[in-house]
Amino acid sequence: MERFYIETWGCQMNELDSQRMAGQLMQQGLLPTRALEEADLILLNSCSVREKAAQKAYSRLGEYRLLKRDRESLRIGFCGCVAQQEGEEALRRIPDLDFVVGTGRVGEIGSVLGRSRNGERVLAVGFPEERPYDFEAISRDTAHKGMVTIIEGCNKRCTFCVVPNTRGPERCRPLADILHEIEHLLDYGFLEIELLGQTVNHWREPAPPLGSGRDRDFADLLNVAALLPGLKRLRFVTSYPRDFTDRMIRAVARHANISPYLHLPVQSGSNRVLRRMGRGYTVEEYLGLVDRLRAARAGLALSTDLIVGFPGESEEDFQRTVDLVETVRFATVFAFKYSPRPNTAAIRLPASDEVPREVADQRLQHLFKTQSAIQRALNEELVGSEFDLLVTGWSRRAGHQSGRTDCHRIVHFPAPERPAETGSLVRVRTLQAYDHSLMGELVARGVG
Ligand code: SAH
Ligand code: F3S
3 MERFYIETWG CQMNELDSQR MAGQLMQQGL LPTRALEEAD LILLNSCSVR
53 EKAAQKAYSR LGEYRLLKRD RESLRIGFCG CVAQQEGEEA LRRIPDLDFV
103 VGTGRVGEIG SVLGRSRNGE RVLAVGFPEE RPYDFEAISR DTAHKGMVTI
153 IEGCNKRCTF CVVPNTRGPE RCRPLADILH EIEHLLDYGF LEIELLGQTV
203 NHWREPAPPL GSGRDRDFAD LLNVAALLPG LKRLRFVTSY PRDFTDRMIR
253 AVARHANISP YLHLPVQSGS NRVLRRMGRG YTVEEYLGLV DRLRAARAGL
303 ALSTDLIVGF PGESEEDFQR TVDLVETVRF ATVFAFKYSP RPNTAAIRLP
353 ASDEVPREVA DQRLQHLFKT QSAIQRALNE ELVGSEFDLL VTGWSRRAGH
403 QSGRTDCHRI VHFPAPERPA ETGSLVRVRT LQAYDHSLMG ELVARGVG
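Add 2 to the 1-based position in the sequence shown for this note's numbering, that's all there is to it.
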């Protein structure tokens, strides 16, 4: 029996792509393995969003190649965003790489493997018009939630971002297909569904039927999906601030099973920097949206992405970002140091704008410190309450399991004698707060 091993880097889209590839391989009779040494096929599903992505991927592939010395039949495939970008170059650079599969060709992994077995070195990159999407062939067994792509690619042109190149232009899936897939996942037993897209709230019904009036948008999708029987939690990432309409806010307010948690990347607290990033909104507009959301939905938790050291970011610009973080009090912040990406507009900014590395490092540390204190205080406020927790698996702390509250906090709890099932809902009481999580105790299992 042949076994495959997939290493996944990056965002939820990559996670789902790995589940899709695993599903297709299992349909062909291969089995997954967690042990690299046992694998007959290794796939690296790479991420190119930050830092020395290509370099990191090539060095990992180099490590895999060494395994070929002892195992001649071992096959190595390069997948994901770096693979999409590098394409033929990867086959040139690594003589014993077996195939390259880009983000737009995930659905072809089975046939690529077949061709590879016939001795061909396969290059499958680019974005086909019609992409096969067999959602029943997705391997979700290890997942605690069902992820559903509703919109792929991105049409925005944030000047720092490589995603439009690696994931291609925006493509929306038809509503009927999306609902069909969600129903399939609910049938399968998932309690939580997560809708995915780079700008998830930019979803629109593709080619709406003639005479159907207004095009259906993301607010309509939420309103229909939230009513599906058996759906306990509906979440979505990532929302683009400018595309968040009042109708969407009302949908979030109306449906209790839409999680009171939103990831709303702001990137910077300075209007000058936002303009140079091409984000299309101001700090004031962002704060206005936050206010309307919080007024509409009590207990709403927010998280965000921030970039420090964007070219031309002054000390004052950075201070505005710190101010914004203190004003909004996010539940979680993902902060990154700017890293120049190939074929983006920002790499053409003058070299004199470059923020020195040490300065960017300091700013990042300062931001982390500011945010840690806020997070700790927010988590302290939750101590002593009861929460329904969706169990995500084992905690790194021995003998403990972990889960996510509706507002997306991580809570650990001592595992009962018969551990709670991954993907089930349990009730916990929180006892202690940390910076990034809480400790609790199990009150009841099988709730929901
Ligand atoms: N639409 C997606 C964006 C994917 S990139 C989303 O909002 O999730 C995820 C995050 O990575 C971005 O929000 C941004 O904060 C960060 N990022 C993207 N390009 C970057 C770069 N060149 N340097 C540093 N961080 C970057
Ligand atoms: Fe990237 Fe901006 Fe799209 S951050 S994914 S270009 S919304």
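Glycine residues also receive a C-beta, built at the ideal position from the N, C-alpha and C atoms. Nothing here was measured: the structure is a model prediction, and the numbers come from that model.
Inset, instruction - Helix, strand or coil for Lys-339, going by three-state DSSP, please let me know. - result: In the sequence shown, the residue the question calls residue 339 occupies position 337. It is a strand residue.
Inset, instruction - Report yes or no: do the region 178 to 188 and the region 407 to 425 share at least 3 C-beta pairs separated by less than 8 Å? - result: no
Legend entry - Cβ-based burial, Ser-354 [other Cβ within 10 Å; buried from 16]: Taking the sequence shown and counting its residues from 1, the one referred to as residue 354 is at position 352. When all chains shown are included, Ser-354 counts as exposed.
Legend entry - alpha helix (DSSP H) segment containing Thr-168, residue limits: Reading the sequence shown from its first residue, position 166 is the one you call residue 168. Its alpha helix (DSSP H) spans residues 165 to 169.
Inset, instruction - Output the distance between the C-alpha atoms of Val-330 and Gln-14, rounded to the nearest integer angstrom. - result: In the sequence shown, counting from the first residue as 1, residue 330 sits at position 328. In the sequence shown, counting from the first residue as 1, residue 14 sits at position 12. Roughly 25 Å separates the two Cα atoms.
Legend entry - Under 8 Å between C-beta atoms of Arg-294 and Pro-262: As a first step, residue 294 is located in the sequence shown; it is residue number 292 there, counting from the start. As a first step, residue 262 is located in the sequence shown; it is residue number 260 there, counting from the start. Result no, Cβ atoms of Arg-294 and Pro-262 do not sit closer than 8 Å.
Legend entry - Nearest to Gly-109 (by Cα), restricted to the options Arg-173, Val-164, Met-23, Arg-237: Here residue 109 refers to the residue found at position 107 when the sequence shown is read from its first residue. Among Arg-173, Val-164, Met-23, Arg-237, the Cα nearest to that of Gly-109 belongs to Met-23.
Inset, instruction - With a floor of 4 residues, list each alpha helix (DSSP H) that falls wholly inside the region 8 to 89, ordered by position along the chain. - result: 14 to 29, 55 to 70, 82 to 88
Legend entry - Residues near Gly-301 in its chain [Cβ-Cβ closer than 8 Å; skip 5 each side]: Translated into the one-based positions of the sequence shown, residue 301 becomes position 299. Here the set comprises Pro-262, Cys-409.
Inset, instruction - Going by DSSP, name the residue or residues bridged to Glu-423. - result: The residue given as residue 423 occupies position 421 in the sequence shown. Bridge partners of Glu-423: none, in fact.
Legend entry - Presumed contact (8 Å Cβ cut-off) between Leu-223 and Ser-241, rounded CB distance: Translated into the one-based positions of the sequence shown, residue 223 becomes position 221. Translated into the one-based positions of the sequence shown, residue 241 becomes position 239. Actually they are not in contact, since the Cβ atoms of Leu-223 and Ser-241 sit about 13 Å apart, beyond 8 Å.
Legend entry - Own chain partners of Gly-148 with C-beta closer than 6 Å, once the 5 adjacent residues on each side are dropped: As a first step, residue 148 is located in the sequence shown; it is residue number 146 there, counting from the start. Here the set comprises Leu-187, Phe-192, Ile-195.
Legend entry - Range covered by the beta strand (DSSP E) that runs through Ile-111: As a first step, residue 111 is located in the sequence shown; it is residue number 109 there, counting from the start. Element bounds for Ile-111: not the beta strand (DSSP E) but the alpha helix (DSSP H), 111 to 119.
Inset, instruction - Would you kindly check if the distance between the Cβ of Leu-440 and the Cβ of Val-413 is under 8 Å? - result: The residue labelled residue 413 in the question sits at position 411 within the sequence shown. The residue labelled residue 440 in the question sits at position 438 within the sequence shown. Their beta carbons are under 8 Å apart, which means Val-413 touches Leu-440 by this criterion.
Inset, instruction - Could you tell me whether the region 270 to 280 touches the region 235 to 253, using the rule of 3 or more Cβ pairs below 8 Å? - result: no
Legend entry - Counted within 10 angstroms of its Cβ, other Cβ atoms place Thr-144 as buried (16 or more) or exposed: If you number the sequence shown from 1, residue 144 lands on position 142. Flag for Thr-144 reads exposed.
Legend entry - Buried versus exposed call for Ala-379 [16 or more other C-beta atoms within 10 Å across all chains shown]: If you number the sequence shown from 1, residue 379 lands on position 377. Ala-379 is exposed by the Cβ-count criterion.
Inset, instruction - Measure the C-alpha to C-alpha separation of Gly-128 and Leu-33 and round it to an integer number of angstroms. - result: By one-based count along the sequence shown, residue 128 stands at place 126. By one-based count along the sequence shown, residue 33 stands at place 31. When rounded, the distance between both Cα atoms is 28 Å.
Legend entry - Three-state secondary structure assigned by DSSP to Leu-384: For the purposes of this step, residue 384 is taken as the residue at position 382 of the sequence shown. In the structure shown, Leu-384 sits in coil (DSSP, three-state: anything other than H, G, I, E or B).
Legend entry - Cβ-heavy atom distance, Thr-284 to the ligand SAH, below 7 Å: Translated into the one-based positions of the sequence shown, residue 284 becomes position 282. False, no ligand heavy atom lies under 7 Å from that Cβ.
Inset, instruction - Answer yes or no: the CB of Gln-269 versus the heavy atoms of the ligand SAH, is any distance below 7 Å? - result: The sequence position of residue 269 within the sequence shown is 267, counting from 1. Yes - the ligand SAH has a heavy atom lying nearer than 7 Å to the Cβ of Gln-269.
Inset, instruction - Just grab the DSSP bridge partners of Tyr-263 for me. - result: The residue given as residue 263 occupies position 261 in the sequence shown. Paired residue(s): Ala-303.
Legend entry - Length of the line joining the Cα atoms of Leu-69 and Ala-55: As a working note, residue 69 is residue 67 in the sequence shown. As a working note, residue 55 is residue 53 in the sequence shown. Answer to the nearest angstrom: the Cα atoms are 22 Å apart.
Legend entry - Sub-8 Å separation of Gly-483 and Asn-47 beta-carbons: The structure shown does not extend to residue 483, since the chain spans only 3 to 450, so no value can be given for it.
Inset, instruction - Just the C-alpha distance for Ile-8 and Ile-44, rounded to the nearest angstrom, thanks. - result: Reading the sequence shown from its first residue, position 6 is the one you call residue 8. Reading the sequence shown from its first residue, position 42 is the one you call residue 44. Whole-angstrom Cα-Cα distance: 6 Å.
Inset, instruction - Confirm the yes/no value for this check: CB of Val-165, any heavy atom of the ligand SAH, distance under 7 Å. - result: By one-based count along the sequence shown, residue 165 stands at place 163. Checking the Cβ of Val-165 against the ligand SAH gives yes.
Legend entry - Sheet register partners of Glu-207 (DSSP bridge): Stepping through the sequence shown from its first residue, residue 207 is reached at position 205. Answer is none; Glu-207 lacks a bridge partner.
Inset, instruction - State buried or exposed for Val-114, treating a residue as buried only when at least 16 other CB atoms are found within 10 Å of its CB. - result: In the sequence shown, counting from the first residue as 1, residue 114 sits at position 112. When all chains shown are included, Val-114 counts as buried.
Inset, instruction - Inspect the CB distances between the region 336 to 350 and the region 392 to 403 and report whether three or more fall short of 8 Å. - result: no
Inset, instruction - Could you say if the region 344 to 353 and the region 426 to 438 meet the contact criterion of at least three C-beta pairs nearer than 8 Å? - result: no
Legend entry - First and last residue of the uninterrupted beta strand (DSSP E) at Ala-446: The residue given as residue 446 occupies position 444 in the sequence shown. Element bounds for Ala-446: 440 to 447.
Legend entry - Residue range of the beta strand (DSSP E) that includes Gln-2: Outside the shown range of the chain (3 to 450) lies residue 2, about which nothing can therefore be said.
Inset, instruction - Would you mind stating whether Leu-366 and Ala-337 have Cβ atoms separated by less than 8 Å? - result: In the sequence shown, counting from the first residue as 1, residue 366 sits at position 364. In the sequence shown, counting from the first residue as 1, residue 337 sits at position 335. Against a cut-off of 8 Å, the Cβ pair of Ala-337 and Leu-366 comes out as a contact.
Inset, instruction - Could you please give me the residues that DSSP links to Ile-412 through a beta bridge? - result: Counting from one through the sequence shown, the residue named residue 412 turns up at place 410. Ile-412 pairs with Arg-406.
Legend entry - Simplified DSSP assignment, three categories, for Thr-105: Locating residue 105 in the sequence shown gives position 103, where the first residue counts as 1. Reduced to three states, the DSSP call for Thr-105 is helix.
Legend entry - Which of helix, strand or coil DSSP assigns to Ile-180: One-based indexing of the sequence shown puts residue 180 at position 178. Ile-180: helix per DSSP, three-state reduction.
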